[in-house]
Structures are given as C-alpha cells and as structure tokens.
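**Q** Take a look at this one; I'll ask things after.
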Amino acid sequence: MSAIKEMSILSARVPGAASLAWGLPSFRTPSPIRDAVARALETNPKIGMYALPGGLPELCVAAAQEHERRTTVRRDPERHITITAGNMQGLNTLFHVIVNPGDEVIVTDPGFVSHINQIQFSGGRPVFWKLHEDRGWEPDIEQLAGLIGPRTKAIILVTPSNPTGCILSEATLRAVAGIARKNGLLIILDDPYSHFTYENSDRFFNLATAAEYADHIAYLFTFSKAYAMSGWRVGYMVMPEALRAEIVKVHDLTMICTPRISQVAALAALENEPTHLTDFENILGRRRALICERLDRLAHVFQYARPEGAYYVFPRVLDATDNSTRFSHRLLQEARVTVTPGAAFGPSGEHHVRMAYCVEDDTINLAFDRMEAYFGS
Ligand SMILES: Cc1ncc(COP(=O)(O)O)c(C=O)c1O
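And the structure:
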C-alpha cells in the first residue's frame with residue numbers, strides 16, 4: 001500500500017480531517033470535455049465497445065501532434081504512440097516489459113513512492129539517486145555513473161517533482177541523457193506536472209524536446225492533473241518503436257484497451273483549446289503562496305524549499321527525534337491534519353512530510369489553523 005493511499009484511508013476514518021495527503025486536484029473536468037463525452041454517449045454507436053489495444057487511431061494521431069507541438073519532435077502515431085489508462089498503468093506495463101527479476105531501475109531519492117513499489121512489483125530493485133535538499137533538491141551528476149551496473153535497465157525522472165515540487169535543471173537532464181545513452185539505459189519521463197511551472201516556466205526543460213535522445217526515451221503524459229481527469233484514467237506514451245510492440249502486448253494482456261469513453265474524453269481534451277490551464281495554474285499559484293505563507297508562520301516546526309512547480313511542498317520536520325511516519329500518524333490523530341510521511345518517498349525523505357496544495361484554500365487554512373493550535377504559533 002502506498003503511503004499516500006494509506007494516509008488517505010486513515011484520514012477517511014477521522015471525521016472532519018483536513019487532508020493535504022493526496023495530490024487530487026479540486027478542479028472539475030473542463031466542460032468541453034464533458035460535453036463531447038455526453039454527445040458521444042448519444043451518437044456514437046461504438047462508445048461502449050473495445051478499442052484496439054494501442055489506442056484509438058485518431059487519439060494516437062492527436063497525441064503525436066500534441067507531442068510535436070510541445071516538443072517539436074515528430075513521432076509516428078502507429079509506431080511510437082500508445083494510449084494508456086494513465087501514467088500509473090503505463091509505467092506498470094513498461095516495467096513489466098523492461099524489468100526481469102533482479103534488474104535495477106534508478107529512481108531519485110526522494111522520488112514518487114509508486115515508482116519504487118512498481119519496480120519491486122515487477123521483480124526489480126530500485127536504486128536510489130540522492131537529491132540534495134541544500135541544492136534545491138538537485139542530484140549530483142557525478143554520483144550517477146557509480147549507480148549503474150550490469151543489471152541497470154532504466155532511470156526514471158519526474159520534473160517538476162513529486163514530492164519536492166522542484167524543477168530539475170536542463171544541465172542535469174542533458175547530463176543524465178548523455179550518461180543513459182552511453183550505458184544503453186532507457187530514460188523514463190513521467191510527466192503529470194509540466195503544465196504547472198508558475199513563474200519558473202523558463203527554467204523548466206522537457207528532455208523529450210531533445211530529438212537526439214528520442215530513441216532512448218519513454219515519455220508518459222497523463223491527462224489526470226493538467227485536465228482534471230484523474231478518474232477517467234487516460235494518458236499517452238511516446239516511445240521507441242521496438243518497445244512499443246512489447247508494451248502493446250502487455251497492455252492487451254492486462255486490460256485489452258483503455259476504456260473507449262476515456263479515450264473519447266482525451267481526444268476532446270486535445271481537440272479543444274486548453275483555456276482552463278491558465279485558470280488552473282493561477283489558482284494553484286495562489287494556493288502555493290498561501291501554503292508558503294502558512295508554513296512561514298510555523299517556522300519553528302517546518303523548514304522548506306519553496307516549490308517551483310507541480311503542487312507539492314516537502315518541508316523538513318525540525319524535531320529530528322520523531323520519524324516522519326510517527327509524526328504523520330500523530331498529526332492525524334491529535335490535530336486532525338493529514339500529510340504523507342516523507343520516508344515513503346525514499347531514504348532521503350525521512351524527517352520530511354509531503355503536503356499537496358491542490359486542495360481548496362479552506363482546507364489549507366483549516367489544516368494550518370489546526371497545526372498552529374497544536375504546535376503553538
Ligand atoms: C509522478 C506521478 N506519476 C504518476 C502519477 C499517476 O498518474 P495517473 O493518474 O496518470 O496514473 C502521479 C499522481 O499523483 C504522479 O505524481
């Protein structure tokens with residue numbers, strides 16, 4: 001059980017708990033997408049039927065066009081694109097394809113908790129690449145080569161990061177790509193958050209724009225966050241041709257196809273102007289300012305690096321005598337505030353907690369009012 005879900009389940013048992021645990025945006029799926037699905041339910045006789053395992057051809061075309069628009073890299077819809085039931089399913093499929101028992105995949109430490117579990121679930125071993133808090137959660141590129149061995153298959157990156165909210169520098173990403181290519185490793189880019197970079201959009205670099213590495217990259221985009229479609233379960237994966245052939249087999253064996261209705265929703269998302277994105281980013285930007293201001297008032301409890309993107313902040317708990325799991329459980333039971341223990345995100349996450357600020361302002365305020373009452377302001 002991922003610590004994020006575990007805390008959310010525990011939280012549901014505490015009446016009125018103010019939860020900052022789950023990165024579930026408060027937004028509604030935009031109306032052009034909902035309207036297109038409503039129309040398709042009435043008019044499309046195939047709406048309730050299977051689709052081909054790789055995805056609806058028109059959605060693969062739209063995804064390839066979107067990928068080219070965002071990265072300038074042209075990929076063939078039939079040879080390089082497959083439609084996933086979200087990045088979680090895409091990654092699980094990918095790990096089943098590339099990981100044999102005992103193989104290794106490099107993950108950042110801290111990194112997204114489910115990556116660690118998914119690699120283990122495929123019989124593999126996550127190898128932690130430390131991010132340094134005092135350098136804005138950047139890794140030390142010199143250390144990477146030392147982590148690569150004969151069993152290393154891939155390295156997985158998320159920027160902006162879950163859980164730190166930090167953006168990896170272009171220099172780091174290019175250096176990783178060079179090292180990965182030299183060692184024959186697949187670079188996996190898990191991208192739920194690149195639309196949320198606030199005033200740091202100039203600093204954000206999508207490694208999928210580097211055409212010279214396209215044959216070494218599996219890029220996974222999810223509609224869950226940027227389009228508020230987490231329950232639809234849909235995304236797309238752009239990858240080398242040989243890999244796609246295997247991915248489609250595993251995808252077929254596990255779920256046959258991404259639900260057609262969700263693919264229709266994703267197509268509508270790509271065909272309509274994403275005017276909602278500015279609103280989403282503005283609202284999240286305001287919530288980021290709010291949570292930082294509230295954290296500043298608890299400077300005797302938490303110390304944090306200002307998040308640059310996504311919608312997480314990963315403060316250090318200054319009381320080092322407590323571990324993050326005990327701290328989070330106590331906070332829930334005694335203050336009715338839910339956070340995710342940092343230790344779940346890797347060894348360097350210990351003594352931190354993750355707070356998701358994609359929830360309503362009232363929830364952020366309630367959580368911090370309670371923490372101020374609990375810890376003293
Ligand atoms: C880094 C990362 N990858 C994947 C996911 C899951 O994405 P999806 O809803 O597309 O499965 C999340 C969700 O929080 C995430 O933060």
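Numbering-wise (this note's numbering), the sequence shown opens with residue 1 and increments by one. For each residue, glycine too, the CB sits at the ideal point set by N, CA and C.
1. Classify Lys5 as helix, strand or coil using the three-state DSSP reduction.
2. Between Tyr50 and Asp252, what straight-line distance do the alpha-carbon atoms span, to the nearest angstrom?
3. Comparing the CB of Thr222 with every heavy atom of ligand 1, is any distance shorter than 7 Å?
4. Count the C-beta pairs between the segment 315 to 334 and the segment 85 to 105 that are closer than 8 Å, then say yes if the count reaches three, no if not.
5. Spatial neighbours of Leu94 within its chain, please: C-beta separation below 7 Å, excluding the five flanking residues on both sides.
6. When you compare the CB positions of Leu295 and Val317, do they come within less than 8 Å of one another, or not?
7. At 3 residues or longer, and completely inside the segment 166 to 253: list those beta strand (DSSP E) runs for me, N to C.
8. Around the Cβ of Lys46, are there at least 16 other Cβ atoms within 10 angstroms (buried) or fewer (exposed)?
9. With which residues is Phe302 paired in a DSSP beta bridge?
10. According to DSSP, which residues form a beta bridge with Tyr374?
11. Assuming Ala356 is part of the beta strand (DSSP E), what are its boundary residues?
12. Does ligand 1 have a heavy atom nearer than 7 Å to the CB of Asn272?
13. Quick one: grab the DSSP three-state call for Phe378.
14. For Val353, collect the residues of the same chain with a Cβ closer than 7 Å to its Cβ; drop the 5 residues on either side in sequence, then sort them by chain order.
15. CB-CB under 8 Å to Asp215, same chain, minus the five flanking residues each way: which ones, in chain order?
16. For Thr340, which three-state DSSP category applies?
17. Return the CA-CA distance between Cys292 and Ile116, expressed in angstroms with no decimal places.
18. Tell me, please, whether the CB atom of Arg297 is closer than 8 Å to any CB atom in chain C?
19. Run through DSSP, which three-state label would Ile291 get?
20. How many Å lie between Gln263 and Glu281 at the Cα?
21. Secondary structure at Leu56, three-state DSSP: helix, strand or coil?
22. Any contact between the segment 268 to 288 and the segment 29 to 42? By contact I mean 3 or more CB pairs, one from each, below 8 Å.
**A** Result, derived from the coordinates:
1. Here Lys5 sits in helix by DSSP.
2. About 11 Å.
3. Yes, the Cβ of Thr222 comes within 7 Å of a heavy atom of ligand 1.
4. No: fewer than three Cβ pairs fall under 8 Å.
5. In chain order, Ile188, Ala218 and Ile247 place their CB closer than 7 Å to the CB of Leu94, counting only its own chain and leaving out the 5 sequence neighbours on each side.
6. Not a contact, by the Cβ cut-off of 8 Å.
7. The qualifying runs are 186 to 191, 217 to 222 and 235 to 238.
8. Per the 10 Å Cβ criterion, exposed.
9. In the DSSP assignment, the residues bridged to Phe302 are Val317.
10. Bridge partners of Tyr374: none, in fact.
11. It spans Val353 to Ala356 - the beta strand (DSSP E) in which Ala356 sits, taken as one unbroken run.
12. The answer is no for Asn272.
13. The chain is shown only over 1 to 377; residue 378 falls outside these bounds and no answer can be derived.
14. The residues Pro315, Val317, Ser324, Phe327, Ser328, Val339, Thr340, Pro341 and Gly342, in chain order, have a CB closer than 7 Å to that of Val353 in the same chain once the five nearest residues on each side in sequence are set aside.
15. These residues qualify, in order along the chain: Pro240.
16. In this structure, Thr340 counts as strand in the three-state DSSP scheme.
17. The C-alpha of Ile116 is placed about 28 Å away from the C-alpha of Cys292.
18. The chain inventory of the structure shown lacks chain C, comprising one protein chain alone.
19. The answer is helix: DSSP assigns Ile291 an H, G or I state.
20. Gln263 and Glu281 have their C-alpha atoms some 24 Å from each other.
21. Shown here, Leu56 sits in coil according to DSSP, grouped into three states, outside any helix or strand.
22. The answer is yes - the segment 29 to 42 touches the segment 268 to 288, with three or more Cβ pairs under 8 Å.
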